[in-house]
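In my numbering, the protein residues as written are -14 to 185.
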């Protein structure tokens, strides 16, 4: 019964140009607490969050820090977003991936990424008032695999837009009997998508 109990309290405050938050309580029966902050340092927007959770006597931390900035290049908008995430419950290498995927936390959808240390970088550039191109890379620092995603978006009208892209995984992909998952992203094939959005 205790494992199913989740009760959390959250607080939020502002200080100058910063938003400060904290929450704590029990998450699936585990004592949990977190702090977060978001604001700006000069032209850079910054956000940070850290979580500490007691997994049946083992205290594990999770944290992320990210930054965002808008540039003007040739009178067009260029945005850059970067984030680093450290997850103490994530896989430290290929040998731990199967354990992560078989865990209760995975079945409950608690993982944002599966690696212990991951970096994500996204850039977007407005090449035309109607066209934008984007590029995203998620890199696992533990097994050196990555997921690369170039894409585009096009404004068809005030009510409709078209977007598309391709996902490509890079990294170790050789299957071994004792290591069915050689890397997090290495086994990802090439996947493309096209999306039409219509507002009415």
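Glycine residues also receive a C-beta, built at the ideal position from the N, C-alpha and C atoms.
From the DSSP output, in three-state form, read off residue 92 for me. Helix at residue 92.
Does DSSP put residue 84 in a helix, a strand or coil? helix
Host beta strand (DSSP E) of residue 31 (start-end): 29 to 40
Residues near residue -2 by beta carbon distance below 6 Å, same chain, minus five either side: 5
Neighbour-count burial assignment, residue 185, 16 or more Cβ in a 10 Å radius: Burial is judged here by how many other beta carbons sit within 10 angstroms of a residue's own beta carbon; residue 185 has fewer than 16 and is exposed.
Quick check on DSSP: helix, strand or coil for residue 171? coil
Neighbourhood of residue 88 by C-beta, 8 Å cutoff - its chain only, sequence neighbours within 5 removed: 74
Could you tell me the boundaries of the beta strand (DSSP E) in which residue 15 lies? 15 to 26
Work out the CA separation of residue 11 and residue 17 for me, nearest whole Å. About 6 Å.
To which residues does DSSP link residue 120 through a beta bridge? DSSP, once it has assigned bridges, lists 108, 135 as partnering residue 120.
DSSP state of residue 68, grouped into three classes? strand
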